[in-house]
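K.L.:
First the structure, which I've put down as structure tokens, then a few questions once you've had a look.
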Amino acid sequence: MRLILLGAPGAGKGTQAALLREKYKLEHISTGDIFRQNLREKTPLGLEAKKYMDIGHLVPDKIVMEMVGERLPDDGFMLDGFPRTVAQAEFLEMLTKIDAVILFKVDDDEIVQRLSSRVTCRDCGKVTNVYAHKKCPDCGGELYQRDDDHEDTIRNRLRVFHEQTEALVEYYRKRGLLTEIDAIGTPDEIFDRVIETLEHD
Ligand code: AMP
Numbered sequence: 019m020r021l022i023l024l025g026a027p028g029a030g031k032g033t034q035a036a037l038l039r040e041k042y043k044l045e046h047i048s049t050g051d052i053f054r055q056n057l058r059e060k061t062p063l064g065l066e067a068k069k070y071m072d073i074g075h076l077v078p079d080k081i082v083m084e085m086v087g088e089r090l091p092d093d094g095f096m097l098d099g100f101p102r103t104v105a106q107a108e109f110l111e112m113l114t115k116i117d118a119v120i121l122f123k124v125d126d127d128e129i130v131q132r133l134s135s136r137v138t139c140r141d142c143g144k145v146t147n148v149y150a151h152k153k154c155p156d157c158g159g160e161l162y163q164r165d166d167d168h169e170d171t172i173r174n175r176l177r178v179f180h181e182q183t184e185a186l187v188e189y190y191r192k193r194g195l196l197t198e199i200d201a202i203g204t205p206d207e208i209f210d211r212v213i214e215t216l217e218h219d
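Final position of the sequence shown in my numbering is 219; the numbers increase by one with none missing.
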């Protein structure tokens with residue numbers, strides 16, 4: 019299975035990807051995670067990407083495409099946060115055949131509320147809510163807020179989503195690949211909707 023998880027930042031793609039990885043043993047390819055990993059290791063790629071990530075802009079297509087091109091397996095993967103532009107989608111189409119695209123639908127106000135309370139574990143990467151936990155509920159690690167999860171950057175990321183990424187909804191609908199999912203609810207409720215889509219299509 020080759021899947022794309024599409025949706026605004028904070029729509030829950032990463033949370034659903036973790037559940038999908040467990041159930042279907044799919045490789046989770048998150049371009050945002052790859053950039054953050056590179057940034058922690060202070061690689062040239064990470065330092066270059068940081069300039070754009072810090073202000074909520076997209077990293078230039080050429081950089082992202084090269085990075086994804088190097089890592090894409092033949093099969094058994096889900097892409098989270100890629101593609102984000104039509105040029106990236108066209109590039110992907112040349113590399114591989116996609117089986118399904120799942121769009122996670124959440125409105126902007128809900129996104130701002132979710133992201134401004136979102137924290138990540140430094141040790142295991144679990145994403146949770148600042149009001150619910152002081153330490154990581156899975157491993158006890160320290161929780162931190164991503165630099166780009168502050169309100170002004172969130173607003174920028176949402177604007178970029180509407181201006182550059184939302185066009186992919188039509189792109190994949192035209193190709194008969196798109197399924198829309200209401201992404202309001204608990205992670206398990208949303209996961210049930212995802213499974214229903216994947217197993218009934
Ligand atoms: P994410 O974790 O998916 O929200 O990504 C965090 C940031 O990484 C984004 O705001 C962008 O600056 C950058 N980024 C991640 N994926 C892409 C992509 N496919 N194209 C361009 N920039 C990206």
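Every residue, glycine too, gets a C-beta built ideally from N, C-alpha and C.
Please classify residue 190 as buried or exposed, where buried requires at least 16 neighbouring CB atoms within 10 angstroms.
P.N.:
As a position in the sequence shown, residue 190 is number 172, starting the count at 1. It counts as buried.
K.L.:
Where does residue 107 fall in DSSP's three states?
P.N.:
What you label residue 107 is simply residue 89 of the sequence shown in a count that begins at 1. Note: residue 107 maps to helix in three-state DSSP.
K.L.:
Looking only at its chain, what residues have a beta carbon closer than 6 Å to the beta carbon of residue 175, apart from the 5 residues adjacent to it on each side?
P.N.:
Counting from 1 along the sequence shown, the entry for residue 175 is found at position 157. Excluding positions up to five away in sequence, the list reads 27 and 74.
K.L.:
Alpha carbons only, please: which of 53, 134 and 140 is nearest the one belonging to residue 81?
P.N.:
For this step, residue 81 is matched to residue 63 along the sequence shown. Nearest of 53, 134 and 140 to residue 81, Cα basis: 53.
K.L.:
What residues are listed by DSSP as bridge partners for residue 157?
P.N.:
Looking up residue 157 in the sequence shown gives position 139. In the DSSP output, where bridge partners are listed per residue, residue 157 has none listed.
K.L.:
Closer than 7 Å: is that where the CB of residue 151 sits relative to any heavy atom of the ligand AMP?
P.N.:
Stepping through the sequence shown from its first residue, residue 151 is reached at position 133. In this structure, residue 151 has its beta carbon at no less than 7 Å from each heavy atom of the ligand AMP.
K.L.:
Should residue 143 be listed as close to the ligand MG, given that the test is whether its C-beta is under 7 Å from any heavy atom?
P.N.:
What this structure holds is the ligand AMP, not the ligand MG.
K.L.:
In the structure shown, what three-state DSSP assignment does residue 120 receive?
P.N.:
Walking along the sequence shown from the start, residue 120 turns up at place 102. Note: residue 120 maps to strand in three-state DSSP.
K.L.:
According to DSSP, which residues form a beta bridge with residue 139?
P.N.:
Taking the first residue of the sequence shown as position 1, residue 139 is located at position 121. DSSP, once it has assigned bridges, lists 161 as partnering residue 139.
K.L.:
Just verifying my parser: in three-state terms, what is the DSSP assignment at residue 76?
P.N.:
The sequence position of residue 76 within the sequence shown is 58, counting from 1. DSSP places residue 76 in the coil class of the three-state scheme, outside both helix and strand.
K.L.:
Between 169, 186 and 121, which lies nearest to residue 127 when the distance is taken from Cα to Cα?
P.N.:
In the sequence shown, residue 127 corresponds to position 109, counting from 1. From the listed residues 169, 186 and 121, the smallest Cα separation to residue 127 is found for 169.
K.L.:
Which of the three DSSP states, helix, strand or coil, is assigned to residue 94?
P.N.:
Here the question's residue 94 lines up with position 76 in the sequence shown. Here residue 94 sits in coil by DSSP.
K.L.:
Hey, would you say the C-beta of residue 55 is under 7 Å away from at least one heavy atom of the ligand AMP?
P.N.:
Locating residue 55 in the sequence shown gives position 37, where the first residue counts as 1. Answer for residue 55: no, Cβ out of range of the ligand AMP.
K.L.:
Please confirm whether residue 33 and residue 145 have their CB atoms less than 8 Å apart.
P.N.:
Against the sequence shown, residue 33 aligns to sequence position 15. Against the sequence shown, residue 145 aligns to sequence position 127. Cβ distance < 8 Å, so residue 33 and residue 145 count as in contact.
K.L.:
Of all the options 129, 150 and 157, which has the alpha carbon lying nearest to the alpha carbon of residue 140?
P.N.:
For the purposes of this step, residue 140 is taken as the residue at position 122 of the sequence shown. For residue 140, the nearest C-alpha among the options comes from 157.
K.L.:
For residue 175, is the beta carbon positioned less than 7 Å from some heavy atom of the ligand AMP?
P.N.:
Position 157 of the sequence shown, counting from 1, holds the residue named residue 175. Residue 175: yes, Cβ under 7 Å from the ligand AMP.
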